[in-house]
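Chemist: If you count by my numbering, then the sequence shown holds residues 782 to 878, one letter each, in order.
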Amino acid sequence: MVDDVFMQWHGGAATVPLGNAEVERLSEIPWRCMVSGDRWKLNLSPADTCELYDLNSDPLELVNLFDHPDHSDRVRAMTDRVLEWQVSTGDELGLDL
């Protein structure tokens with residue numbers, strides 16, 4: 782976990798209009814994100830689509846690999862690291878994936 786970066790968003794109403802209803806809806810959904818030191822980004826949300834991106838080959842994050850069978854071990858390993866981080870920081874967002 783030394784080279785990993787973790788981010789959290791607890792959701793919340795925007796203080797200014799965000800442009801459209803879908804963006805407004807998404808801004809209120811809590812999520813957790815982890816960017817590994819070895820090129821991968823994982824977004825986890827209990828209420829929205831989970832995502833995995835290879836930042837080297839897909840820097841614009843256009844191809845979601847989360848459900849791709851070739852990456853199931855990576856998703857599990859990264860999810861475990863997020864869960865470990867949650868325990869170590871007292872983060873209580875349930876990620877029932």
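All residues carry an ideal CB built from backbone N, CA and C; glycine is no exception.
Kindly list the residues whose CB is nearer than 6 angstroms to the CB of M788, restricted to its own chain and excluding five residues on each side of it in sequence; keep chain order.
Modeler: Cβ neighbours of M788 beyond the five flanking positions: C814.
Chemist: As a quick exercise: from G871, K822 and Q867, pick the residue whose alpha carbon is nearest that of L843.
Modeler: Ranking G871, K822 and Q867 by Cα distance to L843 puts K822 first.
Chemist: Take the Cβ of E865 as the centre, count every other Cβ of all protein chains shown within 10 Å, and call the residue buried at 16 or more, exposed below.
Modeler: Answer is exposed; the Cβ neighbour count stays below 16.
Chemist: Put D854 into one of helix, strand or coil per three-state DSSP.
Modeler: It is helical.
Chemist: Tell me, please, which residues DSSP counts as bridged to N824.
Modeler: Answer is C814 and E832.
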